[in-house]
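*Asks:*
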């Protein structure tokens, strides 16, 4: 005689990647040990998983948002643990990093319940129940537009509606390429957002200089759906060098505000990007490779130089600046830089513009909430194709908390500075 | 002076049709009169709309969940008013009913914010902001399967997972054709659900027989993903009659429980099951036409006689039965039937099996939550014979009834299909 299986629900079953969900299981036997498991297959065909151990209550229910996981890849009351604690399945290639390339389709995650407290072999077991969850970077109505201006390479994401919208120029770091997901998500929050491809790589002869970024900024400002006075800069890692340099040195770019994640004010990009990278290359002897063959880059910028030419003059910044760092960052000396920046800005009298957020236990790759923490990954340097394993730093739980908290702060900061309240006006002038 | 548009958010932006959403607008001028407006283009190319009048607070914000609408198609604090109060745009054909045919795509509703308190001419105005929202009948992972048995035409919806699942045989009313959305939604809640096409306007003379329904029931029971002892019947309108008939008479189909929405145990035709056209011909003299030329069928089955030959013998029912009725049902005397059934079952000692939910000012078409209330619409009895049917109900109470009854229906189904008689869960791991 067949028996009913328990009922597993995830709500919402289709959410944005930064939205929380609620997972609950009902109709288990009471006091039953179960494992909640998540599984996703990445675009490069690797499997990522996470799991937590629970015990059903007297009514046979488990509620992830209220009950504590007593083991697995996360512990305690963690509503989103099944996402942020994901790691590659045992036996996967080392050094993987989970990044969505096609943002027009959702991330699909299978959530399953298994009998007992299991730690491996999930795919060979029959689950008690499963549920499929979609996680989207793009909200309905967000448009993806290839930027085909011959002088600017990137992708623009536009929110739905008549606009005009505030905008963000979204600049990633040294890994290069064209990374779309953060801009897609910003558009889902009401910002026209353009992500740029700029890093020089083997085979691209032309260098990228300040004029390139100024053109990109101008492209965004002049877009008919963008309010030209409400454009911000957002950078991660080397992207911060670019953002800070633009904010200070460019005569044409006037960002309304600036967000820097895991960056430094050292080595400004005043003219050419390649020349900065070449300068950095002179310091490669300071890179440290540890006993596990992981490359720790941060020494390359230490000690903080005294030569003012090697520092962006942050005392000249005129717009609000949100500066986010992880204190366990092994890739860039973010803490030392932040300290030096604060000193420079205090001396210049513009430190009221700076909001500094530092997260203990967080590493370099402070990404979108609930995406897995990446502590190390295989890295191919864009300039010469050299392969290495980079240590980014961070411990999973504090890093996940930092991603969640900082993203909330970023969205709030951008909304506060970019969305002007509308003047009360008679209807005829609208 | 820079001026960005206000920020309109709807969360979740992709939800199931029975999930609530939260609409907020920020960065408006303070104390600004605005209209929140919804627009949907249905599969037939008709447009449906709803709107509410709001005033922003001193911070320039409007919350659809916390603020009251002071005018429009709904009033008061109504988080879902922009959906349930939708009606065809002015100038539309009369007698429309909003029903999704293709359940594998979402219902897309555009939400707009307009300056001022508007009542018309929305599409000629430029909105301050807009955002589309998706509403889905099918959760991710739910599968849709055509049922191709020669005796049974229908569609099966399967939840994701290894099963086995409880199952529901889902039956609509006369003139229905194949209606999938309720079964799709039930599968999104963990039930295998099969919707039947037993009444087609194209095949009006086809025989309907108990055999068809018993076969459908067995197909469900024997499906590899279904727990065979956990199959329920769910019917609306004439579908209730079929469900009650099976519960009373079938030796083969023994439902674990039954849900009836706006139905009756009273026999309406001389044969057990009859096509719509037959039903109409046999009962034409008892139909009424109201002053708006809408047809009222309710009196056809009234008064309810004490003669057992005129109704199904519900004293023989052995399973729990949930009977949902709208007190303004103009199509069937659902409330009177509920009362009569209760009387019969009390005398027989099985009335503890019956739960009746009655909703005031609620009409015949009690649908999933937030679907627009349909008070009257055109019903086809065959490909050339149609009439404007009065279903009844007033928008706001009918919307409340849809929301509350759906929750009770899901609770009832879960209670009886996932739990055993001793209230212990049926899962044996």
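Protein chains in written order, with the working numbering: chain C, 1 to 430; chain D, 431 to 859.
All C-beta atoms, glycine included, are put in the ideal place defined by N, C-alpha and C.
From a predicted model like this one, the values you see are computed outputs, not experimental measurements.
Residues in the stretch 545-577 of chain D with C-beta within 8 Å of chain C's C-beta atoms, listed in sequence order?
*Replies:* Correct list: 545, 546, 556, 557, 558, 559, 560, 561, 562, 563, 564, 566, 569, 570 and 571.
*Asks:* Could you work out which residue in D:466, D:757, D:592 and D:799 is closest to residue 446 of chain D when comparing CA atoms only?
*Replies:* Closest option to residue 446 of chain D, Cα to Cα, is D:799.
*Asks:* When you check each C-beta in the stretch 433-467 of chain D against every C-beta of chain C, which residues fall closer than 8 Å?
*Replies:* Listed by position, the residues of the stretch 433-467 of chain D near chain C (Cβ gap below 8 Å) are 433, 434, 435, 436, 437, 438, 439, 441, 442, 443, 444, 445, 446, 449, 456, 457, 458, 459, 460, 461 and 462.
*Asks:* At what residue ranges does the stretch 712-765 of chain D contain a whole run of the alpha helix (DSSP H), taking only runs of 4 or more?
*Replies:* If we require 4 residues or more, the stretch 712-765 of chain D turns out to have no alpha helix (DSSP H) run fully inside it.
*Asks:* Among C:402, C:270, C:346 and C:235, whose alpha-carbon lies nearest the alpha-carbon of residue 309 of chain C?
*Replies:* Among C:402, C:270, C:346 and C:235, the Cα nearest to that of residue 309 of chain C is on C:270.
*Asks:* With residue 372 of chain C and residue 48 of chain C assumed to form a contact (beta carbons below 8 Å), what rounded beta-carbon distance in angstroms separates them?
*Replies:* Their Cβ separation, rounded to whole angstroms, is 7 Å, which keeps residue 372 of chain C and residue 48 of chain C in contact under 8 Å.
*Asks:* Label residue 710 of chain D either buried or exposed according to how many other C-beta atoms from any shown protein chain fall within 10 Å of its C-beta, with 16 as the threshold for buried.
*Replies:* It counts as buried.
*Asks:* Count the other C-beta atoms from every protein chain shown that fall within 10 angstroms of the C-beta of residue 386 of chain C, then say buried if there are 16 or more, exposed otherwise.
*Replies:* It counts as exposed.
*Asks:* Assuming residue 273 of chain C is part of the alpha helix (DSSP H), what are its boundary residues?
*Replies:* Here the alpha helix (DSSP H) through residue 273 of chain C covers 273-281.
*Asks:* Flag residue 52 of chain C as yes if its beta-carbon sits less than 8 Å from any beta-carbon of chain D, otherwise no.
*Replies:* For residue 52 of chain C, the answer is no, since every Cβ of chain D falls outside 8 Å of its Cβ.
*Asks:* From the DSSP output, in three-state form, read off residue 413 of chain C for me.
*Replies:* Three-state result, residue 413 of chain C: helix.
*Asks:* Name the DSSP beta bridge partners of residue 261 of chain C, please?
*Replies:* DSSP, once it has assigned bridges, lists C:236 and C:324 as partnering residue 261 of chain C.
*Asks:* Does residue 490 of chain C come out as helix, strand or coil in the three-state DSSP assignment?
*Replies:* In this structure chain C extends from 1 to 430, so residue 490 of chain C is not present and cannot be described.
*Asks:* Distance check for residue 307 of chain C and residue 382 of chain C, CA to CA, integer angstroms please.
*Replies:* Going by the C-alpha atoms only, they are around 28 Å apart.
*Asks:* Ignoring anything shorter than 3 residues or poking outside the stretch 582-662 of chain D, list the beta strand (DSSP E) runs there in chain order.
*Replies:* Qualifying beta strand (DSSP E) stretches, in chain order: 584-588, 595-601 and 622-626.
*Asks:* Are the CB atoms of residue 436 of chain D and residue 626 of chain D within a distance shorter than 8 Å?
*Replies:* Contact flag unset, no.
*Asks:* Alpha carbon to alpha carbon, how far is residue 54 of chain C from residue 397 of chain C?
*Replies:* Their backbone Cα atoms lie some 19 Å apart in a straight line.
*Asks:* Please list the segments of the beta strand (DSSP E) lying wholly inside the stretch 554-579 of chain D, counting only runs of 3 or more residues, in order along the chain.
*Replies:* With a minimum length of 3 residues, the continuous beta strand (DSSP E) runs that stay inside the stretch 554-579 of chain D are 559-566 and 573-577.
*Asks:* On the criterion of 16 or more Cβ atoms from any shown chain inside 10 Å, does residue 81 of chain C qualify as buried, or is it exposed?
*Replies:* Burial call: buried.
*Asks:* Return the first residue and the last residue of the alpha helix (DSSP H) that residue 837 of chain D is part of.
*Replies:* Taken as a continuous stretch (DSSP letters only), the alpha helix (DSSP H) holding residue 837 of chain D covers 825-848.
*Asks:* Against chain D, with Cβ distances strictly below 8 Å, would residue 15 of chain C count as a contact?
*Replies:* Yes, residue 15 of chain C lies at the interface with chain D (some Cβ there is under 8 Å from its Cβ).
*Asks:* So which residues on chain C does residue 660 of chain D lean against when the C-beta distance must stay under 7 Å?
*Replies:* Simply 4.
*Asks:* Locate the alpha helix (DSSP H) running through residue 342 of chain C, then write down its first and last residues.
*Replies:* Element bounds for residue 342 of chain C: 334-348.
*Asks:* Under the DSSP definition of a beta bridge, which residues are partnered with residue 477 of chain D?
*Replies:* Paired residues: D:471.
*Asks:* When the Cβ atoms of the stretch 726-733 of chain D are set against those of the stretch 798-817 of chain D, are three or more pairs found closer than 8 Å?
*Replies:* The answer is no - the stretch 798-817 of chain D does not touch the stretch 726-733 of chain D, with fewer than three Cβ pairs under 8 Å.
*Asks:* On the DSSP bridge list, what partners appear for residue 786 of chain D?
*Replies:* Note: residue 786 of chain D sits in a beta bridge opposite D:753.
*Asks:* Output, in chain order, the set of chain A residues within a Cβ distance shorter than 7 Å of residue 139 of chain C.
*Replies:* Note that chain A does not occur in the displayed structure, where the protein chains are C and D.
*Asks:* Out of D:746, D:649, D:769 and D:473, state which residue places its alpha-carbon closest to the alpha-carbon of residue 757 of chain D.
*Replies:* The residue with the shortest Cα to Cα distance from residue 757 of chain D is D:769.
*Asks:* Please report the straight-line C-alpha distance between residue 130 of chain C and residue 648 of chain D, rounded to a whole angstrom.
*Replies:* Taking the straight line from one Cα to the other gives about 26 Å.
*Asks:* Going by C-alpha to C-alpha distance, which of C:35, C:30 and C:85 sits closest to residue 59 of chain C?
*Replies:* Nearest of C:35, C:30 and C:85 to residue 59 of chain C, Cα basis: C:30.
*Asks:* Does DSSP put residue 221 of chain C in a helix, a strand or coil?
*Replies:* Helix at residue 221 of chain C.
*Asks:* If the criterion is Cβ atoms closer than 8 Å, does the pair residue 135 of chain C and residue 88 of chain C meet it?
*Replies:* No, the Cβ-Cβ distance between residue 135 of chain C and residue 88 of chain C is not below 8 Å.
*Asks:* Within this structure, are the beta carbons of residue 265 of chain C and residue 311 of chain C separated by less than 8 Å?
*Replies:* Closer than 8 Å, so yes.
*Asks:* Which residues in the same chain have their Cβ closer than 8 Å to the Cβ of residue 419 of chain C, if we skip the five residues on either side of it in sequence?
*Replies:* Taken in chain order, the residues that qualify are 166, 190 and 230.
*Asks:* Give me the chain D residues within the contact set of residue 19 of chain C, using Cβ-Cβ distance strictly less than 8 Å, ordered along the chain.
*Replies:* Within 8 Å Cβ-Cβ: 441 and 442.
*Asks:* So, is the C-beta of residue 596 of chain D closer than 8 Å to a C-beta in chain C?
*Replies:* So yes, residue 596 of chain D belongs to the interface.
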